[in-house]
Structure formats: structure tokens, C-alpha cells
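Comments concern the structure below.
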DNA sequence: ATTTTATATTGCAATATTACGATAATATTA
DNA sequence: TAATATTATCGTAATATTGCAATATAAAAT
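Protein chains in written order, with the numbering used here: chain A, 2 to 108; chain B, 2 to 108.
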């Protein structure tokens with residue numbers, strides 16, 4: 002039907018899937034990489050760098066924000082997006098656990 | 002428009018996004034976790050375990066197969082799905098590089 | 001050869017995602 | 001205050017994803 006039956010799965014499974022969904026678009030990968038390269042974290046040239054329209058970039062940023070990966074000032078001019086280090090390491094850990102816990106000794 | 006403008010991004014960015022997309026559904030996380038727990042890699046009870054219909058499971062398995070994460074026998078009865086260890090470690094490495102290369106010293 | 005068992009494919013409906021133009025909102029600058 | 005610059009939101013169109021019923025396919029068992 003197009004609706005993910007999230008209730009059938011564990012919280013951990015859903016959270017990992019949701020994080021993966023945010024990374025599941027090259028624009029969002031590119032945005033995260035670009036923000037991380039900025040010294041001063043003023044990211045108002047994101048539109049020019051990525052090459053998508055301003056509303057689209059805004060939408061992607063919102064997806065990234067929703068899982069808590071960005072922190073900083075979000076209002077007005079000269080807004081300042083930065084990677085939320087704690088959240089970032091949290092996700093990194095989740096992916097790491099997932100990848101290392103998979104047992105591959107078969108076949 | 003609903004089409005990802007993949008041509009605007011690097012191969013690395015697209016590949017990571019594509020891998021993330023496969024992990025972006027709790028059913029596929031659950032499927033991978035279940036397969037990895039099986040000793041003998043005979044996975045014909047996946048439908049009962051996951052709780053989605055057989056066609057839906059088949060579809061999800063196909064998504065996982067498409068990025069080379071599964072190997073084994075794929076035809077007929079008693080088919081045998083297993084994690085492709087090499088591919089798995091390749092993806093693990095890609096995610097690891099992505100997570101560690103992000104510079105967070107800002108704000 | 002027919003039945004049984006297990007997976008794949010097709011077709012369709014419902015929902016989600018991606019993208020952008022138009023416009024609104026907010027803050028800075030002149 | 002008016003003009004400018006920057007981001008957010010709304011509305012809409014196109015495409016993708018998710019899920020299942022129905023059906024097809026393939027191998028094994030009877």
C-alpha cells in the first residue's frame with residue numbers, strides 16, 4: 002500500500018532505517034560533506050554548490066535536521082548549520098553495531 | 002518531479018546513497034539480521050518471521066540482492082540466501098569512511 | 001504424472017519522495 | 001522606511017516505494 006509497516010519492527014530497526022533514509026539521497030550526502038568542510042559554518046551558498054533549487058535544498062536540510070544531525074542557528078540571515086557531533090557519533094555507532102553484529106560465516 | 006538528480010553528484014556519493022536506501026526500511030534491516038543469525042542459511046521461513054506477505058518479502062530480498070549483499074542459490078526450492086561477506090565489508094568500509102571523514106569541529 | 005512446497009512475477013492501489021515556481025517570512029542594509 | 005538578501009512554506013507535478021492478491025514458475029515428493 003505504500004505505507005511502511007513500522008509497528009512490526011523493533012525500535013532499533015526502525016531508528017536505523019530512518020537514519021539510513023536520511024542518507025539515502027546523494028544531495029543529502031553532499032550537503033553533509035559540504036557543511037563539514039566549512040570552517041565558519043555559514044552555509045548560505047549551499048544552493049550554488051549543490052546545484053538544486055533553494056526550496057529543494059531547504060527540504061533536504063529539513064530531513065537532516067529532523068533526525069537531529071544539525072545544530073546551530075536556524076533563523077534569519079546568516080544562519081549557521083553545523084553537524085551535531087553527539088548525534089553524529091550516535092548514528093555512527095548504530096551503523097557500526099549493525100555492520101559488525103551481522104554474522105557472515107555461512108555458505 | 003520525484004526523480005533524483007543523480008548526475009549532479011559523484012559516484013561515491015551516489016553509491017553510498019544507494020546502499021543507504023537499501024537499509025532505509027526496517028523490514029530489510031530485519032531480513033539481514035535474520036539471515037545472519039541462521040546457521041544453515043536456509044531462509045524459507047522469512048515470511049513467517051518478518052510478518053509481511055511472501056511477494057513483499059520477495060521484493061525486499063530483491064532490493065538487497067541488487068546491491069550484491071546476498072549470495073547463494075537463488076532458484077527452485079530450498080534456496081539459500083547468505084550475506085556476501087566481501088560486499089558487506091565493502092559497504093561497512095564506505096559508511097565508516099563517510100562517518101569518520103566528516104569534520105565536526107565547528108560551532 | 002500429479003500434487004505439494006517455495007519463490008518469483010505481474011498488476012494494481014495507496015502513500016512517500018523529489019523537485020521547483022510562487023510566495024511568505026525574517027533580518028540586514030541603504 | 002524601503003530595498004535587498006536569505007531561508008521557509010505552500011501548492012503542485014512527476015516519479016518512487018510499499019504492500020498484497022493473483023498468478024506463474026520450479027523443484028521435490030508422492
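Glycine included, C-beta positions come from ideal geometry on N, C-alpha and C.
CB-CB length for residue i against residue j, believed under 8 Å
| i | j | result |
| --- | --- | --- |
| residue 62(B) | residue 32(B) | 7 Å |
| residue 7(B) | residue 27(A) | 6 Å |
Span separating the alpha-carbon of residue i from that of residue j
| i | j | result |
| --- | --- | --- |
| residue 15(B) | residue 54(A) | 19 Å |
| residue 48(A) | residue 30(A) | 14 Å |
| residue 101(A) | residue 93(A) | 12 Å |
| residue 10(B) | residue 91(A) | 26 Å |
| residue 97(A) | residue 21(B) | 13 Å |
| residue 25(B) | residue 17(B) | 12 Å |
| residue 37(B) | residue 46(A) | 44 Å |
| residue 65(B) | residue 59(B) | 10 Å |
| residue 109(B) | residue 13(A) | Missing from the structure shown is residue 109(B); chain B here goes from 2 to 108 and no further. |
| residue 89(B) | residue 88(A) | 24 Å |
| residue 73(B) | residue 51(B) | 20 Å |
Residue environment, residue i, which counts as buried when at least 16 other CB atoms sit within 10 Å
| i | result |
| --- | --- |
| residue 23(B) | buried |
| residue 70(B) | buried |
| field | Whole beta strand (DSSP E) elements within the region 70-104 of chain B, 3-residue minimum | value | The DSSP assignment places complete beta strand (DSSP E) segments of no fewer than 3 residues inside the region 70-104 of chain B at 71-74, 81-84, in order along the chain.
| field | Positions along the region 47-59 of chain B whose CB lies within less than 8 Å of some CB in chain A | value | 51, 52, 53
| said: Under 9 Å, CB to CB, which of the residues in the region 20-41 of chain A have a partner in chain B? | reply: For the region 20-41 of chain A, which is checked against every Cβ of chain B, the residues closer than 9 Å are 20, 21, 22, 23, 24, 25, 26, 27, 28, 29, 30, 31, 33, 34, 36, 37, 38, 39, 40, 41.
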